[in-house]
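**Q**
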Amino acid sequence: MAKILRGDIYWADLNPVIGSEQGGFRPVLILSHDIFNKNSGTVIAMAITGQPQRAGFPLTFELSKTKLPKRSWVKISQIRTLSIKRIREKIVTVSPEELGMIIEGLNEIIDGQQDAPADSLLARR
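Numbered per our numbering, the sequence shown spans residues 16 to 140.
Below you can see the structure in the form of structure tokens.
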């Protein structure tokens with residue numbers, strides 16, 4: 016398999032799942048650093064969905080037009096470690112700006128800021 020790089024979107028098999036985890040054969044956004052991806056046999060990724068965000072959580076980020084088959088959102092709250100054996104073919108790479116905003120959204124969830132800045136993803140929900 017080619018190098019799996021941070022910011023790449025790949026098809027992945029997320030089954031089996033438990034509870035409210037995202038499952039199925041779907042695109043995922045790779046978040047983990049390239050060196051981690053190369054040496055660990057795993058990647059850290061976020062599931063991508065074709066369903067727009069509902070009110071409140073789970074926080075999503077709409078991707079700009081990509082080579083994905085339909086309008087798509089990164090489910091920022093659906094982050095998980097995947098074996099590279101679950102990863103299939105590469106679809107596209109997101110822009111550095113989009114990746115930065117997605118990571119900012121993840122940081123907002125982790126920090127749990129109640130009064131998020133007006134320009135934050137949490138404030139836009």
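Heads up, the beta-carbon is just placed ideally off N, CA and C, and yes, glycines get one too. Given the structure is predicted, the values throughout are model-derived calculations rather than measurements.
I want to know whether the segment 78 to 87 touches the segment 47 to 62 - three or more CB-CB distances under 8 Å.
**A** With a cut-off of 8 Å, the segment 47 to 62 and the segment 78 to 87 do not count as touching, because too few Cβ pairs lie within range.
**Q** According to DSSP, simplified to helix, strand and coil, what is R140?
**A** Low per-residue confidence applies at R140: pLDDT is 46, beneath 50, and the placement is therefore not dependable, though the value from the model is reported in the following sentence. Coil, per DSSP.
**Q** Can you list, in chain order, the residues of its chain with a C-beta nearer than 6 Å to that of V32? Leave out the 5 residues immediately preceding and following it.
**A** Cβ neighbours of V32 beyond the five flanking positions: G38.
**Q** At what residues does the beta strand (DSSP E) containing P67 begin and finish?
**A** Segment: none, P67 is in no beta strand (DSSP E) and carries neither H nor E.
**Q** Considering Cα atoms alone, identify which of I118, K90, I94 and L44 is closest to Q66.
**A** Minimum Cα distance to Q66 is reached at K90.
**Q** Taking only three categories from DSSP, how would you classify I19?
**A** Reduced to three states, the DSSP call for I19 is coil.
**Q** Alpha carbon to alpha carbon, how far is E112 from I102? Give it in angstroms, no decimals.
**A** Their backbone Cα atoms lie some 24 Å apart in a straight line.
**Q** Looking at the strands, I want to know which residues DSSP matches up with L44.
**A** Note: L44 sits in a beta bridge opposite I24 and M61.
**Q** Can you give the beta carbon distance from I63 to P42, rounded, assuming they're within the 8 Å contact cut?
**A** About 4 Å separates the two Cβ atoms, so the contact holds.
**Q** Would you decide whether D126 is buried or exposed? Buried here means 16 or more other CB atoms lie within 10 Å of its CB.
**A** So D126 counts as exposed.
**Q** How would you call S87, buried or exposed, if buried means at least 16 neighbouring beta carbons within 10 angstroms?
**A** The residue is buried, with at least 16 neighbouring Cβ atoms inside 10 Å.
**Q** So, at 8 Å on beta carbons, what are the nonlocal neighbours of T108 in its own chain, with the 5 sequence-adjacent residues on each side left out?
**A** Contacts found: L20, G22, D23 and I24.
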